[in-house]
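So that you can map any letter, position 103 of the sequence shown is 103 in our numbering, and since no number is skipped, the others follow by simple counting. Ideal Cβ positions, reconstructed from N, Cα and C, are used throughout, including at glycine. Right, one structure below, let's go through it.
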Amino acid sequence: MKGILGRKVGMTQIFDSEGKVIPVTLVEAGPCIVTALRTPEKDGYSAVVLGYGDVKPHKVNRPMRASFKKAGVEPKRWLREFRINEPVDVQVGSEVTVGSFQEGEVVDVTGVSKGKGFAGVMKRYGFGGGPASHGSSKFHRQPGSSGANSSPSHVFKGKRMPGRMGGKRVTVKNISVAAVDEENNLLILKGAVPGSRNGLLLIHKKS
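The structure is reproduced here in structure tokens:
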């Protein structure tokens with residue numbers, strides 16, 4: 001299986017064989033249930049739909065409740081598709097666990113970054129800001145010129161400006177698996193991953 005769904009538990013640190021400190025992120029990954037299979041004949045592409053997280057049946061709407069009943073699985077809080085290029089040996093109702101990952105494997109992790117609210121250009125993009133002294137007034141954290149007046153007489157699309165920061169889908173690539181704890185369904189990843197605690201993460205194996 002190419003991936004798994006998980007929940008970010010938090011960050012800690014471990015020590016390698018040489019005694020060096022390694023910052024790691026703990027991810028409670030799976031167990032996930034295969035709730036559906038997408039096929040080229042029916043859907044136009046190949047994918048596996050994984051369900052993760054328990055949810056009370058009355059909190060699921062009728063169409064979703066019917067699809068879960070048809071698949072013969074319990075309702076799940078999150079459903080996500082994982083595209084596949086070649087056939088995989090999974091069936092609807094089968095379970096995907098962290099046992100499919102190995103220590104030292106490289107993965108891509110997708111999540112929703114922490115929302116920071118409305119932010120200026122210094123916080124949002126790392127601008128240097130204006131002078132701090134020498135007659136500068138009300139210009140300390142401003143972005144400066146956003147474009148010429150007479151030509152082109154408008155602000156180009158994509159210009160870095162103040163605005164809402166964070167809260168977007170982010171993928172961090174080439175993260176190493178530091179350890180796998182099958183007993184507690186934990187995937188220990190080197191470094192940081194997007195999102196806040198308890199946020200949903202999609203962990204993709206490198207193809």
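Annotation for residue 65: no beta strand (DSSP E) segment contains it, though the alpha helix (DSSP H) segment containing it runs 62 to 71.
Contact between residue 84 and residue 46 holds: CB atoms are separated by about 5 Å, below the 8 Å threshold. Burial state of residue 178 is buried, judged by a 10 Å Cβ sphere holding 16 or more other Cβ atoms.
Assignment of residue 58 by DSSP, reduced to helix, strand and coil, places it in the helix class. Under a 10 Å Cβ-count criterion, residue 171 is classified as exposed, with fewer than 16 other Cβ atoms of the shown protein chains found around its own Cβ.
Your pair residue 24 and residue 33 does not check out as a contact, with CB atoms roughly 27 Å apart and the cut at 8 Å.
Our two residues, residue 128 and residue 139, have alpha carbons roughly 11 Å apart in a direct line.
Under the 10 Å beta carbon count, residue 118 is surrounded by fewer than 16 other beta carbons and is classified as exposed. Put simply, of 9, 7, 87 the residue whose alpha carbon is nearest the alpha carbon of residue 39 is 87. Measuring C-alpha to C-alpha distances from residue 8 to each of 203, 199, 206 identifies 199 as the nearest. Contact between the segment 69 to 81 and the segment 46 to 57 is present, with at least three C-beta pairs closer than 8 Å. Its chain contains 171, 202 as the residues whose beta carbon lies nearer than 6 Å to that of residue 110, once the 5 sequence neighbours on both sides are disregarded; these appear in chain order.
In this structure, the straight-line span from the alpha carbon of residue 91 to that of residue 144 is close to 58 Å.
Under the rule that a run must span 3 or more residues, the beta strand (DSSP E) segments found entirely inside the segment 83 to 118 read 106 to 112. Counting the other CB atoms within 10 Å of its CB gives residue 194 a total of 16 or more, which places it among the buried residues. For residue 156 and residue 30, the gap between their C-alpha atoms comes out near 45 Å. Ranked by Cα distance from residue 176, the options 137, 204, 52 are led by 204.
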